[in-house]
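Take our numbering: the final residue in the sequence shown is number 726, and no numbers are missing along the way. All residues carry an ideal CB built from backbone N, CA and C; glycine is no exception. Before any comments, here is the structure.
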Amino acid sequence: MSQHARSASSIPLFEGQEFQTPSVVAAPACPRPTSPERCASRQRSSRVLHVAAECDDPLAPPPRRGSRSSLGIGAPAKAAGTGAAPMLGRANSSGSGARMQQQLLPGSAEGAVAMKADGHRATATLGSTGISITYDIKHCCIPTSRAEHVPFSEVLSAELLPPATGMWRLPGTRLHRLVIWTFRRGASNPAAWFPRQLVLETASEGVLDEWQQRISAAVAREPRRPRRLLVFVNPFGGSRRAAQIWQNVVKPVFDKAGIKSSAVETQHGGHARSLLTNMPGDELAGYDGVVAIGGDGLFHEIINGLLELRSVPAGTSLDKHQWAELQAHLEEAAAADAAAAAVAAAELQRQGGAASAGAQQAAEAAATLVKTGSFGLPGLPGGARHMRGAAHRRTGSIAASLRVGHIPAGSTDAVACTLNGTRSAFTAAMHIALGDGCPLDVLRIDSANGHHAFATCMVSYGFMGDVMAESENYRWLGPLRYDMIGTKMLAANRSYRARISYLPAEPDQLAAAGKVCTAGCDLCRLGREHIKLQNAFREASTRSLTRRRSEWVHIESEFAGIMLVIMPCRSEKSVQGVAKYGHRSDGLIHLVMVKKCSRLQYLRFLLTLSNTGLAAGEHGFFTVVPAVAVHVEPVGGKESHWNADGELLPNNHITAEVHRGVIEVFARGVEVGPSKTPA
Ligand SMILES: Nc1ncnc2c1ncn2[C@@H]1O[C@H](COP(=O)(O)OP(=O)(O)OP(=O)(O)O)[C@@H](O)[C@H]1O
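What follows is the structure in structure tokens.
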């Protein structure tokens, strides 16, 4: 065992393991890990865990050579922008004791302190926003310096470690150590974060004691950090690793951030939702947020539970009067369209003899509409809505204050890919622990039988609905089930007749069309302002559905698929997102209508969706329209299924309406490029 290894002391790592500080163990460089988990497993196998020098972050110092002589070698340290820092002497095996003593003593100039950071000689300054470090590194004997700033907003906590001692240290030169729990961004994907323990070392105990207190105070002042979280773990979702991810990745991060968490393992579908909706208000008030560890389905359940709590006391989006108004208008418009079609058909028949099949169909549709005179729109959902006691109102406002986090452990994880740009559980846990927040749009779907549901990703009918309905029977196949059933459905080439009515987006809502949603997206930031102004479901709904009654557009046709895309819906299958220019909070539904087409055309559509994502416009057999509300009624006997974020709706006659930014999620959007812009 080397002298370095002998002097090593272990501290717990994020992933529930032990690691040796970078000053004592040199780790092999991690060859471009694709995920923190993979990176960790690589390192586990080599019995060396994450340290700053291991991975591919350009900001991370290069790996240490592990030789004793590397300690303290280099040119005089310079503080970033603060002038010269005290010089540290060259250390090597033949250096004198006095010289060695000198290099390990702390020095400071204008607040800059010469110390070791992640095992490299550096000069560090503790500023009002974070820690600035200038590394003093030699590459091929050429001194180079690199600088980095670690903001307090990206630090979980700071912890003093027992001083490093060893036979190679001279008396009185014990190095005191401070570990800062933070993260670093991947070089290839800055949105994917990796655990980082930044270790600062100096011979002066006083300096690091003071730094630790100042960093802890600064972190405690961070306004949006959660203190207590309710965590639901779905052991059944995706690759069934949720419990393991909770224990090995998420809990250690929460512990380091000082977050108290109560974890519940779900026992069956709907368990998380029913626990939430039946939880006493006082208990719910004890939490700052709810976290789903599982797939998109569990996230969907939690959103539905919270919104149910909110909408029961506050009134759902459409009251009886608004429903009646909308229903009357849609009926009127549909009857008028159908009557016009009937007249045209009759005229055709009169002129040309036999009516075409299409004209006959239109005439039949008109007759049906005139006869029934109804779209079958729902009445008010459930008696529970009328329970508007004070207790319910209070629970609703508590639910509105709760933020929602999602740790991906499912089959597709479109929510995590859209919110964080990665399926990394560590990254998602960090966003929660750091208190990142952004508003999220929610689609409210009311079915003709009075059922209502909320969705945040995508609601689809036809192809995607059929795939979902059938693949539930093949859950044991894991994510592969979607490919298998998808191929089967492509071969079946089904189509369904439906009448779609939609309310197009207003021109000012389209101003940002063509911009990809990333961290710090202006449009999504506006989502938060918007909801502050709206402040209630009812107001938003009145605006979108009833104010612009005459602007509804109606289409009746045979559709291979209908999709209402709410967020970009990025995933490994669609890296750009299903809606390429979708946003987390733009208040828009990207309505995708794919008319009956050949198998080859539908395959082309799927490839577009997967390769480039869908953009607004007419694309031959399919159209993408930005809308704020959509009404779909199946026509004829043949019906598909509505798939709302993985949940099958009980009725296919629906009205869907988007509510901008009504849920606050623990995320900041996808970070791109070298910038570290927070949302
Ligand atoms: N213990 C459980 N047993 C069975 N089903 C459960 C359990 N807990 C939750 N569920 C249900 O399982 C469904 C699917 O779970 P989840 O979304 O977490 O995984 P997934 O479907 O594999 O992932 P994705 O949605 O990303 O494709 C959810 O609708 C949830 O309600």
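Paired residues, beta bridge with residue i - DSSP
i	result
V337	L277 and V451
K642	F606
G509	G608
N690	S507 and L695
L173	I178
T702	D493 and H678
Option nearest residue i by Cα separation, candidates the options
i	options	result
L345	P327, R261 and S321	S321
L222	R268, R261 and A164	A164
L490	A676, E694 and G158	A676
L656	S687, V682, K643 and Q623	Q623
C464	A238, R224 and F199	A238
A383	R572, I602, H498 and D256	I602
W523	S251, A392 and R287	R287
K562	I227, G233, G457 and R631	R631
V297	W689, A386 and A480	A480
T474	P242, A205, P198 and C188	P242
Y549	D530, Q396, E704 and Y334	E704
L647	N540, E206 and E330	N540
A472	G342, L653, H666 and E330	G342
Residue i, enclosing alpha helix (DSSP H) - first and last residue
i	result
F473	A472 to A480
P299	K298 to K303
Q244	Counting along the chain, Q244 falls outside any alpha helix (DSSP H), though it belongs to the beta strand (DSSP E) covering W240 to T249.
V719	From DSSP, V719 is part of no alpha helix (DSSP H); its letter is neither H nor E.
S263	E252 to R268
Host beta strand (DSSP E) of residue i (start-end)
i	result
M326	No beta strand (DSSP E) contains M326, which DSSP labels as neither H nor E.
L537	It is not in any beta strand (DSSP E) - L537 instead sits in the alpha helix (DSSP H) that spans L527 to A539.
L222	L222 to R232
L466	Careful: L466 lies outside any beta strand (DSSP E), inside the alpha helix (DSSP H) at A461 to N467.
I743	Because the chain in this structure spans residues 48 to 726, residue 743 falls outside the shown range and cannot be described.
D493	C485 to S494
P209	S204 to A211
G664	G664 to H666
I547	Y543 to P551
M162	A159 to A164
Residue i and residue j closer than 8 angstroms at C-beta
i	j	result
G567	N236	no
D348	G317	A small fix is needed here, since residue 348 is Glu in this sequence, not Asp. Cβ distance < 8 angstroms, so E348 and G317 count as in contact.
M511	M614	no
T229	L208	no
V451	I340	no
V625	F669	no
S683	A456	According to the sequence as given, residue 683 is Gly; it is not Ser. No; because the gap between Cβ atoms is not below 8 angstroms, this pair is not in contact.
H196	S175	no
L255	A171	no
F199	E269	yes
G629	R707	no
K303	S204	yes
V338	I454	yes
V266	V202	yes
Y649	L537	yes
W689	Y508	yes
Proximal residues to residue i (C-beta, below 6 angstroms), its chain only, five neighbours per side dropped
i	result
T442	G328 and L356
E605	S542, R544 and K643
V719	T565
I547	I602 and V679
T191	I184
P526	S458
E206	V226
Residues near residue i by beta carbon distance below 7 angstroms, same chain, minus five either side
i	result
A691	I492, A500, A502 and V506
E686	Y543 and N699
M326	none
A310	V278, V280 and W293
G352	A319, R320, L323 and T324
M477	F230, W240 and V300
A169	A124, M162, K163, I180, T181, Y182 and D183
S621	L656, S657 and G660
Neighbourhood of residue i by C-beta distance below 8 angstroms, restricted to the same chain and skipping five residues each side
i	result
P551	E598, V600, V672, P673, A674 and V675
G664	T670 and V671
P210	R221, L222, H223, R224 and E252
L276	F301, I306, K307, S308, S309, Y334, D335, G336, V337, V338, G452 and I479
Beta carbon proximity, residue i to chain C, threshold 8 angstroms
i	result
Q294	Looking at the structure shown, chain C is missing, and only one protein chain is on hand.
Report all residues for which the CB-ligand distance to some heavy atom of ligand 3 is below 6 angstroms; order them along the chain.
Ligand 3 is absent from the structure shown, which contains only ligand 1.
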